[in-house]
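Peer 1: Just dropping this structure here.
In the working numbering, the protein residues as written are 47 to 163.
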């Protein structure tokens, strides 16, 4: 599925099953909430935090939790793109160009990146 197809599918779903979009501000708040839920799992899987006793996840469950939270983040971002008339495909292409021009030597000359932890 392309980003354009994803934007269209989300729009169709919102207009049929979801009734209508939440306001842009509400969706921005929901996006923040979803990023926080993803961060919680990242901190427990890859960081120093641990799950509460009895709430631990096995490796498969951890992967599923990450995938679900990332999909939630993407979903709300697609909603915001639709609401604000942003073509994410065009925006991402432009962003690649910007980063390539800006960072074309930045990372390859960064000694910190030559060492792998």
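All C-beta atoms, glycine included, are put in the ideal place defined by N, C-alpha and C.
1. If you check the beta carbons only, do residue 119 and residue 71 fall under 8 Å apart?
2. In terms of residue numbering, what span does the alpha helix (DSSP H) encompassing residue 162 cover?
3. Between the beta-carbon of residue 80 and the beta-carbon of residue 132, is there less than 8 Å?
4. Compare the beta carbon distance of residue 83 and residue 115 with 8 Å and say whether it is the shorter of the two.
5. Exposed or buried, which one is residue 107 when buried takes at least 16 other CB atoms within 10 Å?
6. Let me check understanding here. Comparing Cα to Cα, which of 100, 126, 145 and 153 lies closest to residue 74?
7. Taking contact to mean 3 or more Cβ pairs, one atom from each stretch, closer than 8 Å, check whether the region 49 to 57 and the region 130 to 144 are in contact.
Peer 2: This is what the structure holds:
1. In this structure, the beta-carbon distance from residue 119 to residue 71 does not fall below 8 Å.
2. Element bounds for residue 162: n/a, residue is neither H nor E.
3. The answer is no: Cβ separation not under 8 Å.
4. With contacts defined by Cβ atoms closer than 8 Å, residue 83 and residue 115 form a contacting pair.
5. Answer is exposed; the Cβ neighbour count stays below 16.
6. When each option's Cα is compared against that of residue 74, the closest is 126.
7. Yes: the two stretches touch, three or more of their Cβ pairs being nearer than 8 Å.
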